[in-house]
Amino acid sequence: MTARRVFSPVRLTATRWRQTALLQLEGARSLKAQTSDLNVQAVTAEPGKLKTIEDLPGPSLATTVYWLFVKGYADKSHAMQLEHKRLYGPIWRSRFGPFDVINVATAELISQVIRQEGRYPVRTALPHWKEYREMRGQAYGLHVDTGPEWYRMRSALNPKMLKLREAAAFAPVIHDVVTDLLDRLERLRLRSQDKNTVNDLASELYKFGFEGISSILFETRLGCLQEEIPTETLRFIAAANNMLTLSETVLFFPRWTRKIFPFWKQFIQAWDDLYSVARLLIDRKVKQMDEQVQQGEKVEGMYLTYLLSSNKLSLAEVYITITELLLGGVDTTSNTMSWTLYHLARNPEIQKHLYQEVVSMCPDKQMPTTEDLTRMPYLKAIIKETLRLYPVVPGNGRLTLDNEVIVDNYWFPKGTQFHLCHYAASHDENEFPDPECFVPERWLRGVPSRSQHHPYSSIPFGVGVRACVGKRVAELEMYFALSRLMQHYEVRPVDETPNIQPKTRTLLIPSKPINLRFIPRA
């Protein structure tokens with residue numbers, strides 16, 4: 002068998018059609034079960050009594066410009082969700098340039114939109130991503146493609162990622178990366194003036210997130226946590242960061258400004274750098290597999306090997322989907338871990354409780370297993386509470402291409418763009434008392450302070466067929482890293498450290514460097 006045969010584009014045979022049909026049926030049953038759990042009925046109303054988009058309140062274009070550029074909410078769109086909800090209620094309309102968006106800011110309204118999104122949900126349109134793909138002759142990928150083609154790609158990616166048993170196979174790889182993280186933090190703290198402080202922790206955890214997800218997706222180590230980080234790896238990291246930073250800017254500026262401002266050229270360069278490095282790594286794996294086949298050896302590997310040998314995706318689709326998975330996996334881990342350690346340092350009793358749970362399950366600094374994690378509810382509650390306070394994506398989009406939608410007694414036509422305000426929903430005091438406080442006990446069963454909240458009030462990884470494909474891997478990375486950090490260090494704030502607020506850069510990130518002291522445990 003040759004490499005050409007192994008990596009040919011997908012051909013939908015009769016068997017493949019049956020498999021696809023079964024996957025669709027399974028997805029439909031799953032979605033039906035989720036809806037049933039909510040114990041809600043579809044929204045109904047008598048004809049002629051529904052309101053329309055024209056009846057919605059909301060800011061004018063001038064008001065939106067004022068909020069963004071005069072009141073300084075350009076990098077605080079998450080906070081603007083709360084202000085607009087206070088002014089206009091839980092559902093409102095926003096218009097800015099070519100964008101006409103319906104914002105929904107409670108868990109119940111978010112659930113109404115999601116329950117009516119159809120078999121092939123569409124997120125916010127990314128015309129600039131699509132334009133880049135077409136300009137370079139690349140495959141569309143998960144974030145650009147829609148309908149059955151999107152579902153086909155998603156179905157190929159799911160099995161080795163979303164099934165907990167399959168994702169558990171990545172544990173040894175993740176532990177290797179966590180070991181390197183611990184070594185790097187130890188070097189950094191010993192170099193500090195007080196021999197304990199690690200400055201700009203988010204930057205270091207970004208390297209950890211990048212190394213962790215790359216090790217799984219590309220089946221190779223990139224050296225992000227080494228003393229001297231390889232030049233090609235630094236270019237890769239910078240490209241991922243630049244692309245996400247520029248993506249929102251390029252989307253909001255009209256096309257005629259591209260000859261005036263440098264954003265579009267920088268956006269293209271960032272994507273070119275990302276794609277070229279990813280393709281180099283994937284081609285290296287293709288060559289290795291081809292040589293193994295020619296020598297009659299058994300081809301073994303993990304996620305990339307599975308994708309390349311499954312014949313479910315073309316090689317062009319593997320290039321782009323792996324790159325997109327990388328983009329989605331880095332910030333989830335790094336930002337959540339940064340905020341978690343920030344709050345543990347400021348809440349020593351919570352940190353003590355976590356440490357006691359970890360050492361009771363894994364004494365003498367034993368590496369936790371996936372089985373151990375099932376007996377650490379407080380560890381998981383801390384991560385859930387961090388993601389509630391700081392959802393990685395503060396808002397998500399849904400575009401209703403195929404069906405009309407009724408939400409909160411309003412009728413919306415096909416083609417309506419919805420903005421699901423996850424930040425506002427997860428900071429709703431009706432769902433979470435004292436919503437700005439860090440209270441992991443909200444998520445523990447049998448605890449008086451447990452929140453009786455709506456299932457859609459905090460959904461940092463999404464739900465249904467559009468849920469984050471890398472959820473299980475991200476959780477394993479965070480659980481292993483946090484538990485092992487607690488085994489080795491007590492985390493304390495640097496003296497006179499101010500409160501750090503989040504800011505929006507497509508994703509929710511710390512507005513200032515997080516500096517913490519890592520005190521070795523005996």
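For reference, each letter of the sequence shown is one residue, going 2 to 523 in our numbering.
Note that beta-carbon positions come from the ideal geometry of N, C-alpha and C, so glycine has one too.
Keep in mind the model is a prediction, meaning the values are calculated, not measured.
Asked	Found
The stretch 325-342 touching the stretch 200-210, judged by at least three CB pairs closer than 8 Å	yes
Cutoff 8 Å; reference Ala29; Cβ partners in own chain excluding five residues on either side	The predicted model places Ala29 with a pLDDT of 39, which falls under 50 and marks its position as unreliable; any figure quoted below should be read in that light. So the list reads Arg120, once near-sequence residues are dropped.
Per-residue DSSP class, three states only, for Lys50	coil
Secondary structure of Thr401, DSSP reduced to three states	strand
Option nearest Ser277 by Cα separation, candidates Lys299, Phe253, Lys50 and Ala241	Ala241
Ala239, buried or exposed, once every other Cβ within 10 Å from all chains shown has been counted against 16	exposed
Host alpha helix (DSSP H) of Gln113 (start-end)	Ala108 to Arg116
Alpha-carbon to alpha-carbon, Trp151 and Val44	Any reading at Val44 needs caution, since the residue's pLDDT is 44, under 50, leaving its predicted position unreliable; the model's value is listed next. So the alpha carbons of these two residues sit roughly 28 Å apart.
Residue range of the alpha helix (DSSP H) that includes Trp265	Phe264 to Gln295
Straight-line Cα distance separating Tyr307 from Thr221	15 Å
Rounded straight-line distance, which links the Cα of Gly396 to that of Ile510	13 Å
DSSP-derived helix/strand/coil call for Asn336	helix
Those runs of the alpha helix (DSSP H) which lie wholly inside the stretch 95-161 and span at least 4 residues	108-116, 128-137 and 148-158
Contact belief for Ala317 with Ala140 at Cβ below 8 Å, rounded distance in angstroms	4 Å
Residue range of the unbroken alpha helix (DSSP H) whose run includes Pro378	Pro378 to Leu390
Euclidean distance between Cα positions of Tyr411 and Val495	51 Å
Contact between the stretch 190-197 and the stretch 319-333 (3+ Cβ pairs under 8 Å)	no
Exposure label - Gln453; buried when at least 16 CB within 10 Å	exposed
Alpha carbon of Pro1 to alpha carbon of Asn348, nearest angstrom	No answer is possible for residue 1: the residues shown for the chain start at 2 and end at 523.
Spatial distance of Val393 from Gln502 (CA atoms)	14 Å
Residues bridged to Glu233 (per DSSP)	Glu233 is not bridged to any residue.
Residue burial classification, Asp435 (beta-carbon count within 10 angstroms, cutoff 16)	exposed
Continuous beta strand (DSSP E) stretch holding Lys313: start and end	Run containing Lys313: none; DSSP gives neither H nor E here.
Leu477 to Asp274 span [Cα, whole Å]	28 Å
Leu421 burial status per 10 Å Cβ neighbour count (16 or more: buried)	buried
Exposure of Asp146, with buried meaning 16 or more beta-carbon neighbours within 10 Å	buried
With 16 other Cβ atoms within 10 Å as the buried cut-off, status of Asn500	exposed
Meets three-Cβ-pair contact criterion under 8 Å: the stretch 70-90 and the stretch 110-119	no
Residue burial classification, Pro369 (beta-carbon count within 10 angstroms, cutoff 16)	buried
Pair within 8 Å by beta-carbon distance, Arg493 and Arg518	yes
Length of the line joining the Cα atoms of Ser339 and Met136	37 Å
Contact check, Ile217 vs Val470, beta carbons under 8 Å	no
Segment contact flag, the stretch 371-387 with the stretch 92-104, C-beta cutoff 8 Å, min 3 pairs	no
Glu350 beta carbon less than 8 Å from that of Trp444	no
Endpoints, the beta strand (DSSP E) within which Thr417 is located	Thr417 to Leu421
Endpoints, alpha helix (DSSP H) assigned at Arg166	Leu165 to Ala168
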